[in-house]
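One structure is given below, encoded as structure tokens.
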Amino acid sequence: VGTLHKSLVKADNLDLSDQCREVSGLTPEGLGKAEPLDRVLQQFSQLVSSDLKVLGRSSYTLCSDGQLLIRQVLHPETSKKNFLLSDCFYSFYDLRKEFHTCYPSSAAVKDQTIKTMAEYLGLGTDETEEDFGVWQVKTMVAIIFSMLSESCNHIFTEPETVKYKYETGPCSKSETVDSETVIRARGLPWQSSDQDIARFFKGLNIAKGGVALCLNAQGRRNGEALVRFVNSEQRDLALERHKHHMGSRYIEVYKATGEEFLKIAGGTSNEVAQFLSKENQVIIRMRGLPFTATQEDVLGFLGPECPVTGVKEGLLFVKYPDGRPTGDAFVLFSCEEYAQNALKKHKEILGKRYIELFRSTAAEVQQVLNRYMSTPLIPTLPAPIIPVIPPPYTIATGSIRDCVRLRGLPYTAGIDDILEFMGDATADIKPHGVHMVLNQQGRPSGDAFIQMKSADKAFMVAQKCHKKMMKDRYVEVFQCSGEEMNFVLMGGTLNRSGLSPPPCKLPCLSPPAYAAFQTAAVIPAEAALYQPQALLPTTRTPQASAAAPPTVTYYPAQAAQLYMNYTAYYPSPPVSPTTVGYIAAPPGAVAAAATATHTPILPQPGALVRMQGLPYNTGMKEILSFFQGYQYAPDDYNGLIQLTDQARSVLQAPKEWVCL
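Okay, so the sequence shown: first residue is 1 according to full-length UniProt numbering, each after it adds one.
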């Protein structure tokens with residue numbers, strides 16, 4: 001047995017609770033004079049080395065009372081303070097586990113304490129020792145000697161280990177993931193990587209490839225991650241880090257399931273598996289590549305200072321199912337230095353486009369590939385559907401001023417930026433109460449509406465957040481009513497002179513007073529093009545104009561496209577973002593609509609096609625020329641597509657058809 005030493009470590013926060021003062025006898029003055037952690041650990045190593053020389057030994061292994069001190073204190077603290085622990089802190093014996101192995105009839109490991117172990121052996125404990133911690137160490141020595149005695153002859157053979165670093169790797173959807181080993185971390189900085197998350201959980205053993213960053217519908221990180229640990233014990237320790245800080249942000253940690261992890265991190269592509277088979281590589285994602293970019297172009301862009309692992313084998317282009325490039329690619333680098341050199345090229349020009357580069361993960365590679373490869377070439381909708389907003393989340397109406405309008409938002413601002421901007425007031429937002437307004441081109445307009453739980457809450461938010469800065473712009477916040485919000489969301493304007501109604505003058509919009517907008521959701525423009533026959537309005541003829549309207553309310557696609565501001569529905573925190581759902585139409589409603597006395601616009605399924613990626617200056621003649629050689633039936637679409645007289649004459653003019 002070596003000599004007993006005791007050192008106080010200077011605390012970051014010298015505010016001690018009354019319980020801490022009573023149990024430990026420590027004072028803020030005494031801790032203020034203590035040495036910092038790195039210097040104390042250095043002194044510890046020197047003292048142990050000198051004791052070993054006296055005993056004629058050269059190596060040692062730590063034995064601790066449980067795992068909390070090593071895993072939950074020393075490793076996280078040293079990681080936060082940016083210095084390394086010596087190797088002895090990566091392998092240690094848990095006295096509680098060893099004691100239970102030696103004495104199986106003793107209390108469960110989670111219920112063990114130094115005092116209960118000593119009482120089980122009949123050892124006396126001197127809790128009157130003035131120096132805090134000294135009697136615990138002396139009692140631990142006595143317990144270990146008892147376990148090593150001839151009567152027990154216990155052998156310490158299986159130490160606890162702490163992984164030196166996080167190992168990346170692929171995950172297959174065919175794997176079985178224990179739900180007792182997975183957690184969800186929420187509130188992560190957007191730029192955080194898998195290594196940053198592993199650093200947050202430093203001291204705990206994460207499974208290989210066990211960090212999966214979650215992406216939103218646009219393929220960008222949403223501030224959440226699923227983390228898989230090697231066993232349930234490590235997962236339980238991870239849950240104790242709920243609301244610990246990563247930088248200036250606190251991170252929420254919750255339980256998750258193995259199915260959720262496989263949905264994010266699992267993959268089936270052999271190409272991806274081969275790409276990720278190279279271990280201990282740093283993955284960089286490139287976004288915004290020209291569609292014509294080749295492997296040679298990317299390698300030339302990175303240059304000799306950023307050698308790619310395996311040259312062309314270290315590049316993975318993301319493509320649609322039909323082989324078209326998406327503009328995304330992943331690159332492997334063998335070390336951190338090469339990856340850092342590559343990240344310095346962020347937003348440099350390749351061809352005529354600037355390229356974004358940022359760190360990525362194996363799980364993100366799987367997610368991006370899964371998402372693009374599962375995208376249909378032409379989106380289709382299931383059988384008859386009725387677009388709805390769930391009843392509890394209807395848009396506000398009436399003159400009660402329980403809403404606020406945000407004006408002057410940065411065009412890059414998202415829902416999470418707005419929630420962060422509002423601070424504590426996010427708790428007073430109604431579920432699905434954040435509405436982003438997009439312009440006619442589908443881009444952010446700089447406006448947003450938020451439904452609050454009461455008019456008083458809306459007033460307080462307007463007072464507190466008006467002209468508060470978001471990124472590099474100040475944002476104006478005004479109190480308004482649900483009626484005013486609806487006018488703007490439906491395409492109207494709200495200014496000092498009052499309300500201006502939406503510029504909807506098409507005869508197919510009904511009713512003109514917009515009363516229906518308060519209770520019914522609008523079918524999105526792209527969904528409207530694929531509605532089944534039962535949901536489409538009648539062809540407009542003199543006889544049909546006086547007929548009763550269809551059973552199912554419908555607002556034409558062109559009206560939704562041209563005259564309505566787009567609203568994105570998001571729930572209030574802490575629920576993860578979801579989208580408005582579609583439910584199947586009741587069979588009776590569909591049958592009634594199908595048997596109504598009107599002629600459907602679509603004579604047969606598949607009669608319409610949608611074109612994407614058209615040049616902005618494309619006209620009717622260019623489209624007709626593009627489809628030269630394929631017969632179309634213009635008369636069938638007069639009721640759906642609003643045509644000018646000139647365009648109608650072009651469509652109806654005789655054509656010379658070419659058989660292919």
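No residue lacks a Cβ here, since even glycine has one placed at the ideal position from N, Cα and C.
Treat the numbers as computed from the prediction; the structure is a model and nothing was measured.
- Task: State the Cα-Cα distance for the pair residue 314 and residue 166, rounded to the nearest angstrom.
- Result: For this step, residue 314 is matched to residue 314 along the sequence shown. For this step, residue 166 is matched to residue 166 along the sequence shown. If I take the Cα positions, the gap works out to 21 Å.
- Query: Rounded C-beta distance between residue 291 and residue 258? I'm assuming under 8 Å.
  - Reply: Walking along the sequence shown from the start, residue 291 turns up at place 291. Walking along the sequence shown from the start, residue 258 turns up at place 258. Your pair residue 291 and residue 258 does not check out as a contact, with CB atoms roughly 38 Å apart and the cut at 8 Å.
- Message: With H, G and I counted as helix, E and B as strand and the rest as coil, what does DSSP make of residue 107?
- Response: Here residue 107 is taken as the residue at index 107 of the sequence shown, counted from 1. Coil at residue 107, not helix or strand.
- Consult DSSP for residue 179 and reduce its assignment to one of helix, strand or coil. Sequence index remark: in the sequence shown, residue 179 carries index 179 (1-based). Of the three classes helix, strand and coil, the one that applies to residue 179 here is helix, per DSSP.
- Item | N-terminal and C-terminal residue of the beta strand (DSSP E) that residue 75 is part of | Locating residue 75 in the sequence shown gives position 75, counting from the first residue. If you look at residue 75, you'll find it isn't in any beta strand (DSSP E); it sits in the alpha helix (DSSP H) that goes 75 to 80.
- Item | Option in 293, 192, 399, 96 with minimal Cα separation from residue 325 | Sequence index remark: in the sequence shown, residue 325 carries index 325 (1-based). The candidate whose alpha carbon is nearest that of residue 325 is 293.
- Buried or exposed: which applies to residue 727, given that a residue is buried once 16 or more other Cβ atoms fall within 10 Å of its Cβ? Here the chain has residues from 1 to 660 only, and residue 727 is not among them.
- Message: Using the three-state DSSP reduction, which class does residue 487 fall into: helix, strand or coil?
- Response: What you label residue 487 is simply residue 487 of the sequence shown in a count that begins at 1. Secondary structure of residue 487 (DSSP, three-state): helix.
- Task: Consult DSSP for residue 609 and reduce its assignment to one of helix, strand or coil.
- Result: Taking the sequence shown and counting its residues from 1, the one referred to as residue 609 is at position 609. Note: residue 609 maps to coil in three-state DSSP.
- Message: Comparing C-alpha positions only, which one of 304, 299, 252, 310 sits nearest to residue 274?
- Response: Counted from its first residue, the sequence shown places residue 274 at position 274. Closest by alpha carbon: 310.
- Message: What does the alpha-carbon distance come out to for the pair residue 467 and residue 476?
- Response: Locating residue 467 in the sequence shown gives position 467, counting from the first residue. Locating residue 476 in the sequence shown gives position 476, counting from the first residue. About 5 Å.
- Task: Take residue 163 and list the residues in its own chain whose beta-carbon comes closer than 6 Å to its own, dropping the five residues that flank it on each side.
- Result: Here residue 163 refers to the residue found at position 163 of the sequence shown. Cβ neighbours of residue 163 within its own chain (closer than 6 Å, five residues either side excluded): 205.
- Item | Residue ranges of each alpha helix (DSSP H) within the segment 210 to 297, 4 or longer | Complete alpha helix (DSSP H) runs here, min 4: 232 to 239, 258 to 265, 270 to 276.
- Could you work out which residue in 22, 3, 63 is closest to residue 50 when comparing CA atoms only? Taking the first residue of the sequence shown as 1, we reach residue 50 at position 50. Selected option, being the one with the closest Cα: 3.
- Task: Let me know if residue 82 comes out buried or exposed under the rule of 16 or more other beta-carbons within 10 Å of its beta-carbon.
- Result: Within the sequence shown, residue 82 is the residue found at index 82, counting from 1. Its Cβ having fewer than 16 others within 10 Å, residue 82 is exposed.
- Rank 627, 301, 131, 478 by C-alpha distance to the C-alpha of residue 403 and give the top, closest one. Here residue 403 refers to the residue found at position 403 of the sequence shown. Sorting 627, 301, 131, 478 by C-alpha distance to the C-alpha of residue 403 places 478 at the top.
- Three-state secondary structure (DSSP) of residue 43: As a working note, residue 43 is residue 43 in the sequence shown. It is helical.
- Query: Alpha carbon to alpha carbon, what distance is there between residue 622 and residue 609?
  - Reply: Counting from 1 along the sequence shown, the entry for residue 609 is found at position 609. Counting from 1 along the sequence shown, the entry for residue 622 is found at position 622. Residue 609 and residue 622 have their C-alpha atoms spaced approximately 16 Å apart.
- Query: Is residue 473 helix, strand or coil by DSSP?
  - Reply: In the sequence shown, counting from the first residue as 1, residue 473 sits at position 473. In the structure shown, residue 473 adopts extended strand secondary structure according to DSSP, grouped into three states.
- Best match in 426, 487, 486 for proximity to residue 464 [C-alpha to C-alpha]: As a first step, residue 464 is located in the sequence shown; it is residue number 464 there, counting from the start. Taking residue 464 as reference, the option from 426, 487, 486 with the minimal CA-CA separation is 426.
- Query: What are the boundary residues of the alpha helix (DSSP H) that residue 30 is part of?
  - Reply: Stepping through the sequence shown from its first residue, residue 30 is reached at position 30. For residue 30, the enclosing alpha helix (DSSP H) covers residues 28 to 32.
- Once you ignore the five residues that flank residue 505 on each side, which residues in its own chain have a CB closer than 6 Å to its CB? As a first step, residue 505 is located in the sequence shown; it is residue number 505 there, counting from the start. At residue 505, the pLDDT of 38 sits below 50, so the modelled position is not reliable and the matter cannot be decided from this model.
- Message: Please classify residue 665 as buried or exposed, where buried requires at least 16 neighbouring CB atoms within 10 angstroms.
- Response: The requested residue 665 does not occur in the structure, where the chain is confined to residues 1 to 660.
- For the candidate residues 286, 410, 317, 368, whose alpha-carbon lies nearest to that of residue 356? For this step, residue 356 is matched to residue 356 along the sequence shown. The residue with the shortest Cα to Cα distance from residue 356 is 286.
- Message: Taking 9 Å as the threshold (C-beta atoms), are residue 455 and residue 407 in contact?
- Response: What you label residue 407 is simply residue 407 of the sequence shown in a count that begins at 1. What you label residue 455 is simply residue 455 of the sequence shown in a count that begins at 1. No, the pair does not count as a contact, with Cβ atoms beyond the cut-off.
- Message: Residues in the same chain with beta-carbon distance under 6 Å from residue 196, minus the five sequence neighbours each way, listed in chain order, please.
- Response: To locate residue 196, count along the sequence shown from 1; it is residue 196. Answer for residue 196: no residue qualifies.
- Query: Three-state secondary structure (DSSP) at residue 590?
  - Reply: By 1-based counting over the sequence shown, the position of residue 590 is 590. Since pLDDT at residue 590 reaches only 43, below the 50 mark, its modelled position is unreliable, and the value read off the structure follows with that caveat. Helix, per DSSP.
- Could you tell me whether the segment 181 to 201 touches the segment 214 to 234, where touching means 3 or more Cβ pairs closer than 8 Å? In this structure the segment 181 to 201 touches the segment 214 to 234; the number of beta carbon pairs closer than 8 Å is three or more.
- Message: Can you tell me whether residue 21 sits near the ligand GDP, meaning its C-beta is under 8 Å from at least one heavy atom of the ligand?
- Response: With respect to the ligand GDP, the structure shown offers nothing to examine, as it has no ligands at all.
- Sub-9 Å separation of residue 45 and residue 86 beta-carbons: The sequence position of residue 45 within the sequence shown is 45, counting from 1. The sequence position of residue 86 within the sequence shown is 86, counting from 1. Against a cut-off of 9 Å, the Cβ pair of residue 86 and residue 45 comes out as a contact.
- For residue 91, write down the residues that DSSP places opposite it in a beta bridge. Residue 91 sits at position 91 when you count from the first residue of the sequence shown. Answer by DSSP bridge pairing, in chain order: 161.
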